[in-house]
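A.B. asks:
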Amino acid sequence: SSTTFEGVVMNNAAGVTLTANQTISSTLSFTAGIITTGAFRLDLTNTAVDGTSGYGTGKYVYGNLRRYVTTSIEYALPIGTAVNFELASIFVVSQTGLNYIDVSFTTGAQVNPGGLTINGASVDNFLNYGKWTFTPNAGVTAVTYHPTIQSIGHTDLGNNEDYYGVISNVGSGWCRFPS
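According to the working numbering, the residues represented by the sequence shown are 551 to 729, in order.
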């Protein structure tokens, strides 16, 4: 059954697998191991501070993470796959109706629909390892945010960071972020 923990220190190199949704109301610290959610979800409800620490290679959430957020705090979203840490973070500048963001990373090459440009340059490739999905709670009417993503599992297709950009599909097709 679901449990609410005040704080959790993940220190099991073999990892743990959730058998129900679980909630952490204060801090999530990693020393060793991956938390695998499967069909379930890990909720981090503390909005006062980031509340996550120690994450990195072999120390993250594999699956479904719900992060409660407020404005003016950068929240780490320590997610990944069975084999790679794919860190994301989010800074919410302003919002109306936003309480949380569900975040996950899905492996698989994405299809480039063509016709995309960033600063006048054609987008020829998407990262070939997967994508991050950010889904807000229902009822959001306005939000301005800044995501940061760090991909580990993709093949390097650019010479340097100038060859990469964040694009988004908010239901009306792919576009440069922010559009």
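We put the CB at the ideal spot given by N, CA and C, even for glycine.
Since the structure is predicted, the reported quantities are computational estimates derived from the model, not experimental observations.
Can you tell which of Asp706, Leu637 and His696 has the C-alpha that lies nearest to the C-alpha of Val643?
C.D. replies: Cα-wise, what sits closest to Val643 is His696.
A.B. asks: With the cut-off set at 8 Å, would you say Ile584 and Gly601 are in Cβ contact?
C.D. replies: Contact flag unset, no.
A.B. asks: How would you label Gly680, buried or exposed, when you count the other beta carbons within 10 angstroms and need 16 or more for buried?
C.D. replies: Under this definition Gly680 is a buried residue.
A.B. asks: Over what stretch of residues does the beta strand (DSSP E) that includes Pro686 continue unbroken?
C.D. replies: Note, Pro686: beta strand (DSSP E), Gly680 to Pro686.
A.B. asks: Does chain B have any CB closer than 8 Å to the CB of His696?
C.D. replies: The structure shown has no chain B; it contains just one protein chain.
A.B. asks: On the DSSP bridge list, what partners appear for Asp652?
C.D. replies: According to DSSP, which records beta bridges pairwise, Asp652 is partnered with Arg616 and Thr685.
A.B. asks: Excluding the 5 residues flanking Ser654 on each side, which residues of the same chain have their C-beta closer than 8 Å to its C-beta?
C.D. replies: Excluding positions up to five away in sequence, the list reads Gly613, Asn614, Leu615, Ile629, Trp682 and Thr683.
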